[in-house]
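Under this note's numbering, think of the first position of the sequence shown as 49, with each following residue one higher. Just below is one structure, and these are the notes that go with it.
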Amino acid sequence: MDMGRRQSTIELVAIDMDGTLLDPAHKLTARVKQAIAQARALGVHIVLTSGRPVPGLAPFLHELGIEGDDDYCIACNGGLVQRIGPRETVVEYPLSFDDFVYCEQVAREIGVHFQALDAQRMYTPNQDISIYTVADSHLSRMPLSYRRVADMDPGMSFIKLMMIDEPDVLDAAIARLPAALTERFAVLKSAPFFLEVFDHRAGKGPSLQKLAEHLGIDRANVMAIGDQENDLTMLQYAGTSVAMGNAIDAVKATARFETATNADEGVARAIERFVLQ
């Protein structure tokens, strides 16, 4: 009996942030914080798993107390896995300057805004900067620079590239993406107005698997919670997969369980049900 119970014990919970962990005002509720604190007190790894870069995770990691030598986060859709205390990189999949030039050209051809992130800054070649780029710079806590492609340093590398626009404009553009782009990169929506472009080897699922293996945790003991297309691979990997009540249909179809929305403490309810009982 004990062995069976131990095999089903969750040792790591991977939680998407926007639309999942955070409420609609992009805040942590008291109940979510309490559930995470109780899980951490049991020795469970709580891993924030986001399309955001690390600076966009940092205030929430701090608020949750997830900042020690045994704590990890998955940023940029799995493009970077970081051990938080010593800021060690566990996994990293940078994109090259050639990748940047190619994707920027595609974005121009299909008529959408474009942005690129390195470790320090967000760049856009668009003179008419998208309101979604400005909002993302704010949420990601990344300074934003308008920079023509010709003025960029060819020695740069990037942690992710993004095509962004009004949802109907973006969806129409996605239908016209060249096959060469989707063959060369992983391309997934993280929000109705964000299309993320990153290394095929990255992704929340592959990087969650690498982190679990690094920690010696079996996938049966991993839980994942998410709401968007870029969460699908981690939900497919995790032994316990939970869709938010506000998740897109593909996420609800993939996950084994469903919890409440992010406006109704969905993450807290899932942790209480699967980890704390």
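Heads up, the beta-carbon is just placed ideally off N, CA and C, and yes, glycines get one too.
| Okay, do the region 123 to 138 and the region 245 to 261 touch, 3+ Cβ pairs below 8 Å being the bar? | Contact holds: three or more Cβ-Cβ distances are below 8 Å.
| query | How is the alpha helix (DSSP H) around Ala183 delimited, first residue to last? | reply | Start and end: 179 to 188.
| said: Can you list, in chain order, the residues of its chain with a C-beta nearer than 7 Å to that of Asn294? Leave out the 5 residues immediately preceding and following it. | reply: Shown here for Asn294: same chain residues with a beta carbon closer than 7 Å to its own, the five before and five after excluded, namely Gly67, Asp275, Thr309, Asn310 in chain order.
| task | Spatial neighbours of Glu111 within its chain, please: CB distance less than 8 Å, with the 5 preceding and 5 following residues excluded, ordered by chain position. | result | Excluding sequence neighbours, Glu111 sits near Leu76, Lys81.
| task | Kindly identify the DSSP beta-bridge partner or partners of His161. | result | BP columns for His161 point to Ile212.
| message | Could you check whether the region 183 to 200 touches the region 163 to 174, counting it as contact only if at least three pairs of C-beta atoms, one from each stretch, sit closer than 8 Å? | response | The region 183 to 200 and the region 163 to 174 touch, with no fewer than 3 CB-CB distances between them shorter than 8 Å.
| request: Would you mind listing the beta strand (DSSP E) stretches within the region 196 to 263 that are 3+ residues and don't spill past its ends, in chain order? | output: With a minimum length of 3 residues, the continuous beta strand (DSSP E) runs that stay inside the region 196 to 263 are 208 to 212, 234 to 239, 242 to 246.
| query | Cα separation between Ile114 and Tyr120? | reply | The straight-line gap from Cα to Cα measures roughly 8 Å.
| task | Would you identify the three-state DSSP class for Thr137, choosing helix, strand or coil? | result | Residue state for Thr137 is assigned as strand, using DSSP reduced to three classes.
| message | Looking only at its chain, what residues have a beta carbon closer than 8 Å to the beta carbon of Ser205, apart from the 5 residues adjacent to it on each side? | response | The residues are Pro142, Leu143, Ser144, Phe145, Asp166.
| query | Would DSSP call Gly113 helix, strand or coil? | reply | The answer is coil: DSSP assigns Gly113 none of H, G, I, E or B.
| query | When DSSP labels each residue in this structure, what does Arg53 get in the three-state scheme? | reply | Legend: pLDDT at Arg53 = 36, less than 50; position of this residue unreliable, no value from coordinates given.
| query | Is the CB-CB distance between Ser188 and Pro240 below 8 Å? | reply | For Ser188 and Pro240, no; Cβs fall outside 8 Å.
| query | Would you call the region 148 to 161 and the region 223 to 232 touching, i.e. three or more CB-CB distances under 8 Å? | reply | Yes, the region 148 to 161 is in contact with the region 223 to 232.
| said: Tell me which residues share the same chain as Phe305 and place their Cβ nearer than 6 Å to its Cβ, disregarding the 5 neighbours each side in the sequence. | reply: So the qualifying residues of the chain are Val290.
| request: Any chance you could list the beta strand (DSSP E) runs of at least 3 consecutive residues sitting entirely within the region 279 to 303, in chain order? | output: Taking only runs of at least 3 residues, the beta strand (DSSP E) segments lying wholly in the region 279 to 303 are 288 to 291.
| field | Coarse secondary structure for Leu143, derived from DSSP in three states | value | Leu143: strand per DSSP, three-state reduction.
| task | Flag this pair as yes or no: are the beta carbons of Leu324 and Ala298 separated by less than 8 Å? | result | Cβ atoms of Leu324 and Ala298: not closer than 8 Å.
| query | When the Cα of Lys252 is compared with those of Gly127, His93, Asp147, which residue comes out closest? | reply | Nearest neighbour of Lys252 by Cα position, chosen from Gly127, His93, Asp147, turns out to be Gly127.
| Can you give the Cα-Cα distance for Glu59 and His93, rounded to whole angstroms? | For Glu59 and His93, the gap between their C-alpha atoms comes out near 6 Å.
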